[in-house]
C-alpha cells in the first residue's frame, strides 16, 4: 500500500504535467528597458559600470539600462530640448537640483511620495539622506515635503593641493617670514584656511618659468591658486554664491516667496564685498581665469598638469587627479575643506553651493518601468553599493554609510565629506531658474573679464531678478 506522501507526490506530478501540456508552464521574464540621460563624468560612468557588472533585478525580469552620456556644457540644453519636444525618450534623468521647478511645473518630473509611502524600508533609507541633500535634490517647492528625486551622486567643493610644493622646507620658511603664518601643509591645516590665507598662497606661489619652486627650477609658469570662473552653465555662480553666504550676504531666497526681495538683497553691501573678494583672487590665478573660460574642467586640467599649487573644485573630478596616466601630480596630493571666512565669533563660516545631482523619474514612465526603476534606486542606495561607490571615487548622502568609520579611508578627500555637508545651500529651484542663471552668469563674466566692477554687476543682477520675479508673481 502506498504511503500518503507518495500518493500526494504522484498527484502533484500529474497535475504539473497536465498543466505543462495545456500550455500553462512557468511565465517568461519580461524585458524592461530604462533610458537615462546623465552628465558624462566619473560618477555616472561608475554607476553604469556597477549596473552592468552587478545588478540583478529581484523581479527576475531582463532589465536594461540605456544611458546617454552628455557633456556637461550641453547637458541642460539637450535634456530641455528632449523634454519640451514631447519625444518622451527618457524614463530617468540625472537632473541638476535647480531644474526641479521648471520640469515639475512643465509636467515632466514625477512626484515620488506615493512610491515612498508604499515601501516603508525604502522610505526609511530615503529619510536617512542628509537634510541638505534631501532638500536640494528632492523637494519642490524647496524645503517642502513634496519629493521628486533620489541622490545619484552628491558633491561638495574641496581644496586640492600639491604637498610636494606646499610642504617644501624652504617654501615653508619663506612663507612664514613673509606672512607671519604657517603655510598650510596637512589636510587639517588646509581645513583651517580662510580666503585671505588662500589669496596669500596665490600671491606667494606665482613663479615664472625657470624660477625656483620647491628646490627646482619651475618647468613652466606656475600659479598658487585656481577656482572656477567660467561663463558657461553655472560655473562662476557656484563659487561666488558660497562667498556671498559666508560674508553675510544672500541670493534671492525662494523660501521667502512672495515677500523675499532681490533688490537690496542680491546687491547688498555684504554681497558686493564678497564679489570683490572673489574677483581679487583672479590676479593670482592662471591668466585664462580672466577670459571667462576657467570652468571646472580647465581648473582640473591645469592642476593635473602641475601648474597650480591649490585648486578648489568638486570631488566629482577628483579621480582624474589620482590617475598617473593623466595626472602629473597623482602621487603628490593632499585634500582639505574649501576655504571659509572668519565669523564674528572667530570661527570659520563655510557656506557653499551644493553640487551633485539626483535621479528623477519622468511622468510618462510606465508602471512596469517604475517598478524596476524603484528597485534599481533601492539597490543603488543600499549600504553595500553605496560603500562600493564611495570606494570607487563616489560619495554617499546616506548618513549610516558616510558616518561609518571606514568611509574616510576610501579616498583622500573623504575626511572632508561629512564636515562639509552641514554647510551646503542651494541656488533657486523655481521655473525661472535658467533665465536667472543665464543673466547672472553673463554679468559675472563681465566682472571677471574686467568690463565692470562688483557693485555694477550685482546692481544689474538685482534689477533683472526683481523685474523677472515680480512679473512671475514670486515677489510682491
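In full-length UniProt numbering, the protein residues as written are 1 to 476.
Every residue, glycine too, gets a C-beta built ideally from N, C-alpha and C.
Q. By how many angstroms is the C-alpha of residue 205 removed from the C-alpha of residue 481?
A. Outside the shown range of the chain (1 to 476) lies residue 481, about which nothing can therefore be said.
**Q.** Same chain, Cβ closer than 8 Å to residue 240, five either side skipped, listed in chain order
**A.** Residue numbering aside, residue 240 sits at position 240 when the chain shown is read from its first letter. Excluding sequence neighbours, residue 240 sits near 274, 275, 278, 444.
(Q) Pairs of beta-carbons, one from the segment 231–249 and one from the segment 69–78, closer than 8 Å: are there three or more? (A) yes
Q) What is the DSSP secondary structure of residue 315, reduced to helix, strand or coil? A) Here residue 315 refers to the residue found at position 315 of the chain shown. DSSP places residue 315 in helix when its eight states are reduced to three.
Q.
Going by beta-carbon coordinates alone, are residue 350 and residue 423 separated by less than 8 Å?
A. Numbered from its first residue, the chain shown carries residue 350 at position 350. Numbered from its first residue, the chain shown carries residue 423 at position 423. Against a cut-off of 8 Å, the Cβ pair of residue 423 and residue 350 comes out as a contact.
Q.
Which of the three DSSP states is assigned to residue 468 in this structure?
A. Within the chain shown, the letter at position 468 stands for residue 468. In this structure, residue 468 counts as helix in the three-state DSSP scheme.
Q | Exposure of residue 62, with buried meaning 16 or more beta-carbon neighbours within 10 Å | A | For the purposes of this step, residue 62 is identified with residue 62 of the chain shown, where counting begins at 1. With fewer than 16 Cβ atoms within 10 Å of its Cβ, residue 62 is classed as exposed.
Q. Can you tell which of 53, 138, 127 has the C-alpha that lies nearest to the C-alpha of residue 429?
A. For this step, residue 429 is matched to residue 429 along the chain shown. Out of 53, 138, 127, 138 has the C-alpha closest to the C-alpha of residue 429.
Q: Determine whether the Cβ of residue 457 lies closer than 8 Å to any Cβ atom of chain D.
A: Structure shown: chain D not included; a single protein chain is present.
Q: Kindly indicate which three-state DSSP category residue 333 falls into: helix, strand or coil?
A: Within the chain shown, the letter at position 333 stands for residue 333. In this structure, residue 333 counts as strand in the three-state DSSP scheme.
Q. Exposed or buried, which one is residue 83 when buried takes at least 16 other CB atoms within 10 Å?
A. Position 83 of the chain shown, counted from the first residue, corresponds to residue 83. When all chains shown are included, residue 83 counts as buried.
Q. Just curious, the beta strand (DSSP E) that residue 39 is in, first and last residue?
A. For the purposes of this step, residue 39 is taken as residue 39 along the chain shown, with counting starting at 1. Looking at the DSSP string, the run of the beta strand (DSSP E) that includes residue 39 is 31–39.
Q. What's the gap between the Cα of residue 408 and the Cα of residue 396?
A. Residue 408 sits at position 408 when you count from the first residue of the chain shown. Residue 396 sits at position 396 when you count from the first residue of the chain shown. Residue 408 and residue 396: Cα-Cα distance of roughly 12 Å.
Q: Using a threshold of 8 Å, state whether the C-beta atoms of residue 227 and residue 312 are closer than that.
A: Along the chain shown, read from residue 1 onward, the residue named residue 227 stands at position 227. Along the chain shown, read from residue 1 onward, the residue named residue 312 stands at position 312. Taking 8 Å as the Cβ cut-off, residue 227 and residue 312 qualify as a contacting pair.
Q | Candidates 203, 221, 125, 202, of which the one nearest residue 210 by Cα | A | Here residue 210 refers to the residue found at position 210 of the chain shown. With distances taken between Cα atoms, residue 210 lies closest to 221.
Q. Leaving out five residues before and five after residue 394 in sequence, what residues of the same chain have Cβ atoms less than 7 Å from its Cβ?
A. As a working note, residue 394 is residue 394 in the chain shown. Once the five neighbours on either side are set aside, the close Cβ partners of residue 394 are 43, 46, 153.
Q | Extent of the continuous alpha helix (DSSP H) run through residue 391 | A | Here residue 391 refers to the residue found at position 391 when the chain shown is read from its first residue. Looking at the DSSP string, the run of the alpha helix (DSSP H) that includes residue 391 is 383–391.
Q. Could you check where the beta strand (DSSP E) with residue 66 kicks off and where it finishes?
A. As a working mapping, residue 66 is identified with position 66 in the chain shown. Run containing residue 66: 62–70, per the beta strand (DSSP E) assignment.
Q: Label residue 367 either buried or exposed according to how many other C-beta atoms from any shown protein chain fall within 10 Å of its C-beta, with 16 as the threshold for buried.
A: Here residue 367 corresponds to residue number 367 of the chain shown, with the count starting at 1. Counting Cβ neighbours within 10 Å, residue 367 comes out exposed, since fewer than 16 surround it.
Q: Compute the distance between the beta-carbons of residue 48 and residue 67, then report whether it is under 8 Å.
A: Sequence index remark: in the chain shown, residue 48 carries index 48 (1-based). Sequence index remark: in the chain shown, residue 67 carries index 67 (1-based). Result yes, Cβ atoms of residue 48 and residue 67 sit closer than 8 Å.
Q: Report back the beta-carbon spacing between residue 80 and residue 111 to the nearest angstrom; my notes put them in contact at under 8 Å.
A: What you label residue 80 is simply residue 80 of the chain shown in a count that begins at 1. What you label residue 111 is simply residue 111 of the chain shown in a count that begins at 1. Not quite, the Cβ-Cβ distance comes to about 20 Å (not below 8 Å), so this is no contact.
**Q.** Residue from 257, 174, 332, 439 with nearest C-alpha to residue 472
**A.** Indexing the chain shown from 1 puts residue 472 at position 472. Closest option to residue 472, Cα to Cα, is 257.
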